[in-house]
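*Asks:*
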Amino acid sequence: SRKTSPAFQKARAAWEKTGLTEWNFDDLPDYIELNRFGGPAGLTAFPALERGEGSVAVRLFQNMREAEAIHQDGVIALFELYFKKELQFLKKTLTLKEPMKQWGAYLGGARRLEEHLYDRVLKDLFGYPLRTGEAFHFHARETRPTLLTHGQELINRIEPVLKCYHEARSVLHTLLTANKPNTAVTAFLKRLGEELGLLMPENFPLLYDNNRLNHLPRYLKAVAIRAERGVLNLEKEQKKAKDLMKFVQHLADLRTAVSPVTSDEKRKSIEEFAWMIEEYKVSVFAQELKTPYPVSRKRLETKLKEISRMV
Numbered sequence: 003s004r005k006t007s008p009a010f011q012k013a014r015a016a017w018e019k020t021g022l023t024e025w026n027f028d029d030l031p032d033y034i035e036l037n038r039f040g041g042p043a044g045l046t047a048f049p050a051l052e053r054g055e056g057s058v059a060v061r062l063f064q065n066m067r068e069a070e071a072i073h074q075d076g077v078i079a080l081f082e083l084y085f086k087k088e089l090q091f092l093k094k095t096l097t098l099k100e101p102m103k104q105w106g107a108y109l110g111g112a113r114r115l116e117e118h119l120y121d122r123v124l125k126d127l128f129g130y131p132l133r134t135g136e137a138f139h140f141h142a143r144e145t146r147p148t149l150l151t152h153g154q155e156l157i158n159r160i161e162p163v164l165k166c167y168h169e170a171r172s173v174l175h176t177l178l179t180a181n182k183p184n185t186a187v188t189a190f191l192k193r194l195g196e197e198l199g200l201l202m203p204e205n206f207p208l209l210y211d212n213n214r215l216n217h218l219p220r221y222l223k224a225v226a227i228r229a230e231r232g233v234l235n236l237e238k239e240q241k242k243a244k245d246l247m248k249f250v251q252h253l254a255d256l257r258t259a260v261s262p263v264t265s266d267e268k269r270k271s272i273e274e275f276a277w278m279i280e281e282y283k284v285s286v287f288a289q290e291l292k293t294p295y296p297v298s299r300k301r302l303e304t305k306l307k308e309i310s311r312m313v
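Just so you know, we're using my numbering here: the sequence shown kicks off at 3 and counts up by one.
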């Protein structure tokens with residue numbers, strides 16, 4: 003394999019470095035042509051920074067996507083070393099106060115949530131594929147003043163999300179307790195509980211961008227409203243849900259079919275379709291919460307057709 007090819011080994015010997023704690027090494031090109039190391043024309047290797055224990059390393063990879071993912075995390079790791087003192091202070095400012103601390107109990111606990119918030123700040127501020135010392139130091143100067151404010155802004159942004167999640171959970175819990183003998187109603191409420199869990203995985207601060215975080219409270223409120231109405235008229239709920247299930251199943255099939263060769267465009271469209279379904283739920287089960295754009299069965303079907311034509 004190429005991994006053990008003499009040219010790749012020579013390139014590794016020339017380029018790879020370990021134990022780096024600051025950007026005092028050469029700039030990293032996007033790729034290296036292996037013919038310079040006696041390999042055949044057209045063969046390339048991809049340099050990347052790789053996170054290590056208390057340091058980073060320059061490593062060569064043969065897969066561009068793998069190199070890109072590792073490099074972005076490696077850049078973050080180097081900034082963590084650069085801003086060591088400041089980031090220790092940032093961690094202290096990312097402590098959740100009550101009642102947010104209590105609201106986070108069902109998401110792996112407050113401590114776990116604080117870790118996700120910290121990782122999100124790092125990703126937001128430092129998750130860039132920088133390849134030169136000049137770009138690294140320029141970015142360090144630019145971001146230094148925003149380090150602490152960014153963390154506070156993130157806490158302010160997730161507060162309404164946690165509040166609505168807590169309220170929706172409380173509604174479901176109360177309704178479950180009140181309807182214990184009714185197996186059809188309890189099955190329906192448990193299903194909504196699962197939907198709530200899918201909307202709010204433990205790492206939701208890392209998973210969702212700011213735009214999505216802004217919409218989450220509405221989706222969570224919609225679950226609570228749907229629960230309250232469904233308990234009063236289960237037949238009506240089931241009729242509406244039947245229409246929705248078709249699209250939910252299509253989404254599950256699309257996600258299962260995603261493979262390494264699926265284009266970024268298609269992946270993005272599948273996620274757009276997933277959020278369109280959430281908006282459709284709002285329009286069907288909690289119309290008063292309103293949707294930011296018109297959404298209907300017809301629009302969902304059009305989006306499905308569009309995705310099916312993609313590679």
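Positions of the beta carbon are idealized from the N, C-alpha and C atoms, including for glycine. Model, not experiment: these values are computed from the prediction.
Can you list, in chain order, the residues of its chain whose CB lies under 6 Å from that of Ala79, leaving out five sequence neighbours each side?
*Replies:* Taking the sequence shown and counting its residues from 1, one reaches residue 79 at position 77. The answer, listed in chain order, is Arg53 and Val58.
*Asks:* Going by DSSP, name the residue or residues bridged to Ala47.
*Replies:* The residue given as residue 47 occupies position 45 in the sequence shown. Per DSSP, Ile34.
*Asks:* What does DSSP give as the partner residue(s) for Ala59 in the beta ladder?
*Replies:* Here the question's residue 59 lines up with position 57 in the sequence shown. Bridge partners of Ala59: Glu52.
*Asks:* Please go through the same chain and pick out, in chain order, the residues whose beta-carbon is closer than 7 Å to the beta-carbon of Gly43, but skip the five residues on each side of it.
*Replies:* The count along the sequence shown starts at 1 and reaches residue 43 at position 41. The sequence shown places Ala at residue 43, rather than the Gly named in the question. Cβ within range, chain order: Asn37.
*Asks:* Taking buried to mean at least 16 other C-beta atoms within 10 Å of its own C-beta, is Gly76 buried or exposed?
*Replies:* What you label residue 76 is simply residue 74 of the sequence shown in a count that begins at 1. Flag for Gly76 reads buried.
*Asks:* Have a look at Lys396 and Ile279 and give me their C-alpha separation to the nearest angstrom.
*Replies:* This structure leaves residue 396 out entirely; the chain is present only between 3 and 313.
*Asks:* Per DSSP, what are the beta-bridge partners of Gln19 in this structure?
*Replies:* Position 17 of the sequence shown, counted from the start, is the residue given in the question as residue 19. What sits at residue 19 in the sequence shown is Lys, not Gln. Note: Lys19 sits in a beta bridge opposite Val60.
*Asks:* With C-beta atoms as the reference, is Ala224 less than 8 Å away from Val284?
*Replies:* Within the sequence shown, residue 224 is the residue found at index 222, counting from 1. Within the sequence shown, residue 284 is the residue found at index 282, counting from 1. One thing to note: Ala224 has its Cβ within 8 Å of the Cβ of Val284.
*Asks:* Quick check on Lys223: does DSSP put it in helix, strand or coil?
*Replies:* Counting from 1 along the sequence shown, the entry for residue 223 is found at position 221. It is helical.
*Asks:* In three-state DSSP terms, what is Arg311?
*Replies:* The sequence position of residue 311 within the sequence shown is 309, counting from 1. Three-state DSSP puts Arg311 in coil, outside helix and strand.
*Asks:* Exposed or buried, what is Val297 when buried is set at 16 or more other beta-carbons lying within 10 Å of its beta-carbon?
*Replies:* Reading the sequence shown from its first residue, position 295 is the one you call residue 297. By the Cβ neighbour-count rule, Val297 is buried, with 16 or more other Cβ atoms within 10 Å of its own.
*Asks:* Between which residues of its own chain and Asn65 is the CB-CB distance below 7 Å, once the five residues before and five after are set aside?
*Replies:* Here residue 65 refers to the residue found at position 63 of the sequence shown. No residues qualify anywhere along the chain.
*Asks:* Along the chain, where does the alpha helix (DSSP H) that runs through Leu156 open and close?
*Replies:* The sequence position of residue 156 within the sequence shown is 154, counting from 1. Here the alpha helix (DSSP H) through Leu156 covers Leu149 to Ala180.
*Asks:* Return yes when the Cβ of Thr95 is within less than 8 Å of the Cβ of Leu150, no when it is not.
*Replies:* Within the sequence shown, residue 150 is the residue found at index 148, counting from 1. Within the sequence shown, residue 95 is the residue found at index 93, counting from 1. Yes; because the gap between Cβ atoms is below 8 Å, this pair is in contact.
*Asks:* Here's the rule I'm using: 16 or more other beta-carbon atoms within 10 Å means buried, otherwise exposed. How should Glu267 be labelled?
*Replies:* Translated into positions along the sequence shown, residue 267 becomes position 265. Exposed, by the Cβ-count rule.
*Asks:* Among Glu204, Pro162 and Glu70, which has the Cα closest to the Cα of Gly110?
*Replies:* Your numbering for residue 110 matches position 108 in the sequence shown. The shortest C-alpha separation from Gly110 is found at Glu204.
*Asks:* Might you give, ordered along the chain, the residues of its own chain that have their beta carbon closer than 8 Å to the beta carbon of Glu161, omitting 5 neighbours on each side?
*Replies:* Taking the sequence shown and counting its residues from 1, one reaches residue 161 at position 159. Cβ neighbours of Glu161 beyond the five flanking positions: Met102.
*Asks:* Name the residue from Trp277, His252 and Trp25 whose alpha carbon lies nearest to the alpha carbon of Ser132.
*Replies:* Mapped onto the sequence shown, residue 132 falls at position 130. Per the sequence shown, residue 132 should be read as Leu rather than Ser. The residue with the shortest Cα to Cα distance from Leu132 is Trp25.
*Asks:* If I follow the unbroken alpha helix (DSSP H) through Ser285, where does it start and stop?
*Replies:* Counting from one through the sequence shown, the residue named residue 285 turns up at place 283. Looking at the DSSP string, the run of the alpha helix (DSSP H) that includes Ser285 is Asp266 to Phe287.
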